[in-house]
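A.B. asks: Quick one: structure below, then a few questions.
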Amino acid sequence: MGRRKKSSGGGGANWMDTYGDMVTLLLCFFVLLYSMSDINKEKFEILVKAFNPSAAEISQIVIDSNEQPGEDPLISSEQPEQIDDFDELFYTLSQYIEQNNLQNDIEVSKGDGFAFITFRNNIFFDGDSYVLKQEGKDTLDILAGALNSITDNIKEISVLGHTSQASPNVPNEPVSDRFLSSNRATEVLLYLQQKNFIDPTKLVASGYGQFRPISKFDTAEERARNRRVEILITKTDDVERSLEEYYAESESIKVETILDSQQEAAQNTQQ
């Protein structure tokens, strides 16, 4: 009876197959890494669904190729709403005024082709000063942010500075009076210009001193109303009008708004 030959141990082909599979997987892995270095939303979504077919939606991922070291990539599922027209601008500013209880310090109105904002002097400046207060800067930051997305629709932003007579029957010294109102308007304009949200050629500042009052000079409250900074924002298709015409239309809008509010309150009371 012949001897059974011993197995030579072979198996060489088996480990070569495993080694080849591993090299192939490594190659695929590095190809995948390379493709992800320039990833966009569509590619990333395909990759996620390849490993997890049940994934129907993914959050928006923005990868900035120019991202600086130390910065986190922006991950957001929704973008902030943008202001598209003057109606939305009016609504945004009105909401800001209400939320911060500034109804006695800021008035905003809009008309056909313009928005008109009146700031009481104490928001921006201390008495006889044209140095912007931090409260005023914060308010202008909100305004600049609201205007940023409608700059193409803006024809001009006019900043108007006003003072008041210090006493009912004695006019202010004209030189210092004019300088104060002009410097205040210019300070507001320069702060807005530094925000770089609009072409500087669209920014205009004017100082009217004590000569465009909106109230009498008899009481301290009336004189305080006259001390103000106004910002008139006109649309590109607006027909140019005089300041008095803008005043008249703004006042009529305020009256209509007050009447509407009173009627609404009366209806709610009856209900």
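The sequence shown maps to residues 44 to 314 in the numbering used here.
C-beta: ideal position from N, C-alpha, C; glycine also.
Here the structure is a predicted model, which means the values were calculated and not measured.
1) Quick one: what does DSSP say R227 is sitting in, helix, strand or coil?
2) Report all residues from its chain with a CB closer than 6 Å to the CB of I149; omit the five preceding and five following residues, and keep chain order.
3) Classify K176 as helix, strand or coil using the three-state DSSP reduction.
4) Could you check the C-alpha separation between V272 and L223 for me, to the nearest Å?
5) Does G204 come out as helix, strand or coil in the three-state DSSP assignment?
6) Find out if the Cβ-Cβ distance for the pair L275, F133 is shorter than 8 Å.
7) Quick check: G13 and R227, are their CB atoms within less than 8 Å of each other?
8) Measure the Cβ-Cβ separation of V247 and S201 and say whether it is below 8 Å.
9) Where R268 and T279 are concerned, what is the direct C-alpha to C-alpha distance, given to the nearest angstrom?
10) By the 10 Å Cβ neighbour count, where 16 or more other Cβ atoms means buried, how is A189 classified, buried or exposed?
11) Quick check on V174: buried or exposed, where buried means 16 or more other Cβ atoms within 10 Å of its Cβ?
12) Just list the residues that DSSP pairs S210 with in beta bridges.
13) D261 to V213, Cα distance in whole Å?
14) Using a threshold of 8 Å, state whether the C-beta atoms of A167 and V231 are closer than that.
15) Let me know if S285 comes out buried or exposed under the rule of 16 or more other beta-carbons within 10 Å of its beta-carbon.
16) Using a Cβ-Cβ cut-off of 7 Å (strictly less than) and excluding sequence neighbours within five positions of R255, which residues of its own chain qualify?
17) Taking only runs that begin and end inside the stretch 239-272, name each unbroken alpha helix (DSSP H) of 4 or more residues, in chain order.
18) Rounded to a whole number of angstroms, what is the C-alpha to C-alpha distance between D64 and N239?
19) Just the C-alpha distance for S137 and A209, rounded to the nearest angstrom, thanks.
20) Hey, D169 and K176: beta-carbon distance below 8 Å or not?
C.D. replies: With the structure as the only source:
1) Reduced to three states, the DSSP call for R227 is helix.
2) I140, F162
3) coil
4) 12 Å
5) strand
6) No, these two residues do not count as a Cβ contact at 8 Å.
7) Residue 13 lies beyond the range of the chain shown here (44 to 314); nothing can be said about it.
8) yes
9) 30 Å
10) Buried, because 16 or more other Cβ atoms sit within 10 Å of the Cβ of A189.
11) exposed
12) V213
13) 11 Å
14) In the sequence under discussion, the amino acid at residue 167 is Phe, which differs from the Ala named in the question. Closer than 8 Å, so yes.
15) exposed
16) H205
17) 263-269
18) 58 Å
19) 31 Å
20) yes
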